[in-house]
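Enquirer: After the structure tokens below, expect a handful of questions from me.
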Amino acid sequence: MPLPRLLAPLAFAVTLVSASLAEPLVPRLDGPWLKLVGKPPLEKWATPRAEPVDFTAFQADDGSWHLISCIRHTSHPGNSRLLYRWSSPSLTREGWQPKGIFLSSHADWDHREGHLQAPFHVVENGTHHLFYNSNGAHLLTSPDGLEWTPHGLTAVFPMGRDVCILDDRQASGRWIAYYTSPEPGINPATRDHTIRARTAPHLTGPWSDAATEIPPITPPAKGYTFVYAESPFVIKRQDYYYRFEQLYVFRSKDPLKWEGPPVASLAPETPIKFLAPEIVTHEGRDYLLAYQWLNDDPRGIYLAPLAWEEVEAP
344 MPLPRLLAPL AFAVTLVSAS LAEPLVPRLD GPWLKLVGKP PLEKWATPRA EPVDFTAFQA
404 DDGSWHLISC IRHTSHPGNS RLLYRWSSPS LTREGWQPKG IFLSSHADWD HREGHLQAPF
464 HVVENGTHHL FYNSNGAHLL TSPDGLEWTP HGLTAVFPMG RDVCILDDRQ ASGRWIAYYT
524 SPEPGINPAT RDHTIRARTA PHLTGPWSDA ATEIPPITPP AKGYTFVYAE SPFVIKRQDY
584 YYRFEQLYVF RSKDPLKWEG PPVASLAPET PIKFLAPEIV THEGRDYLLA YQWLNDDPRG
644 IYLAPLAWEE VEAP
């Protein structure tokens with residue numbers, strides 16, 4: 344009867360070997376870009392230049408899809424930025440329905456006037472969380488993704504802007520928040536912009552006092568030197584982490600340590616035409632979303648299917 348006791352560890356060892364053989368992946372666009380939303384029909388503070396920039400897209404508990412975006416160049420007092428919402432019954436349907444202003448600045452919420460930016464949605468234990476920046480990282484929560492309330496009236500942690508939240512609990516037991524950090528003197532080549540990261544056991548905190556610097560790897564773009572320090576996005580696939588510096592993609596086994604060269608360039612001819620990438624997974628498939636802003640092309644937020652291909656590890 345000792346045989347069953349020997350088989351169990353043997354099976355476990357085979358599982359470990361199989362897992363270690365997972366090859367790294369390389370992402371590629373797997374279809375054309377589809378325009379989800381364009382310039383919003385603002386019911387207040389409208390201007391001809393108002394346009395969507397950093398955003399987040401997610402599915403509410405009733406099955407509907409929602410896209411919340413920072414809108415810049417409005418006539419809102421202060422820094423002209425607010426959050427606007429669209430919805431759709433389908434993630435991949437063109438032309439989502441505008442639903443109106445989602446949030447504008449509130450002095451009693453410790454906001455900077457007209458300075459709401461870069462929402463990011465994530466779920467923990469069935470509760471929807473929506474981070475955004477305005478004088479630090481602020482947080483809204485919702486039981487269903489439809490009705491939202493503020494989590495406190497001050498920032499949950501200090502930061503610059505453009506937050507991305509990575510669920511790294513399976514590997515490290517923590518969440519990781521990446522964000523753009525303007526800091527005088529940090530790097531003149533990127534107009535003193537860098538990327539930092541904080542960690543926490545729960546989305547509501549406590550978030551680490553220490554903020555690890557993760558400087559951009561991509562050389563500064565001519566005329567837009569800090570673009571690769573903006574809107575960081577990190578996702579994990581199999582055993583590797585993938586960091587998007589706009590549409591340049593880097594790979595690492597450590598979510599806080601990165602080096603080049605990139606493993607993919609998803610827009611080699613026009614690398615900064617689409618910005619602030621975000622990946623949404625639906626029914627087992629990944630989709631890349633980004634906002635288009637360059638030149639006279641129709642401005643708005645676009646979606647393209649994303650595929651991952653195995654490559655041999657170096």
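Residue numbers 344 to 657, in our numbering, belong to the letters of the sequence shown in order.
Yeah, the Cβ is synthetic: ideal placement off N, Cα and C, and Gly gets one too.
Keep in mind it's a predicted model, so treat the numbers as computed, not measured.
1) Any contact of the region 463-472 with the region 441-453, i.e. 3+ C-beta pairs under 8 Å?
2) Are the region 566-579 and the region 541-553 touching, with three or more C-beta to C-beta distances below 8 Å?
3) List in chain order: all unbroken beta strand (DSSP E) runs of 3+ residues lying wholly within the region 557-584.
4) Report the three-state DSSP secondary structure of Trp408 (helix, strand or coil).
5) Determine whether the beta carbon atoms of Ala393 and Ile411 lie at a separation below 8 Å.
6) Around the Cβ of Ala351, are there at least 16 other Cβ atoms within 10 angstroms (buried) or fewer (exposed)?
7) Which one or two residues does DSSP pair with Asn638 in a beta bridge?
8) Excluding the five sequence neighbours on either side, which residues of its own chain have a C-beta within less than 6 Å of the C-beta of Ala650, listed in chain order?
9) Measure the alpha-carbon distance for Ala532 versus Thr399 and round it to whole angstroms.
10) Hey, Val577 and Tyr583: beta-carbon distance below 8 Å or not?
11) Which of the three DSSP states, helix, strand or coil, is assigned to Gln589?
12) Are there 16 or more other CB atoms within 10 angstroms of the CB of Leu618, so buried, or fewer, so exposed?
13) Which runs of the beta strand (DSSP E) spanning at least 3 residues fall entirely within the region 404-490, listed in chain order?
14) Is the region 509-529 touching the region 417-427, taking contact as three or more C-beta pairs under 8 Å?
15) Using CA atoms only, rank isn't needed, just tell me which of Thr492, Ala498, Gly503, Ser477 is closest to Pro527.
16) Can you tell me which of the three DSSP states Ser315 falls into?
17) Considering only the alpha carbon of each residue, which of Asp397, Arg455, Asp404, Thr523 lies closest to Pro420?
18) Using C-beta distances below 8 Å, list every residue in its chain close to Asp597, excluding the 5 sequence neighbours before and after it, in chain order.
19) For Thr390, tell me which candidate among Glu366, Thr417, Asp397, His409 has the shortest Cα-Cα distance.
20) Do you know offhand how far Glu652's Cα is from Leu368's?
21) Between His545, Leu546, Gly406, Gln589, which lies nearest to Pro559 when the distance is taken from Cα to Cα?
Expert: On the basis of the data shown:
1) no
2) no
3) 576-580
4) strand
5) no
6) Residue placement at Ala351 cannot be trusted, given a pLDDT of 35 that sits under 50; what the coordinates show is reported in the next sentence. Ala351 should be labelled exposed.
7) Answer is none; Asn638 lacks a bridge partner.
8) Arg371, Asp373
9) 29 Å
10) Contact: no.
11) coil
12) buried
13) Segments of the beta strand (DSSP E) lying fully in the region 404-490: 408-415, 425-431, 440-446, 460-467, 470-476, 480-485.
14) The region 509-529, when compared against the region 417-427, does not touch it at the 8 Å Cβ threshold.
15) Gly503
16) Residue numbering for the chain in the displayed model covers 344 to 657; residue 315 lies beyond these limits and cannot be assessed.
17) Arg455
18) Excluding the 5 residues flanking it on each side, Asp597 has same chain C-beta neighbours closer than 8 Å at Tyr584, in chain order.
19) Thr417
20) 5 Å
21) Gln589
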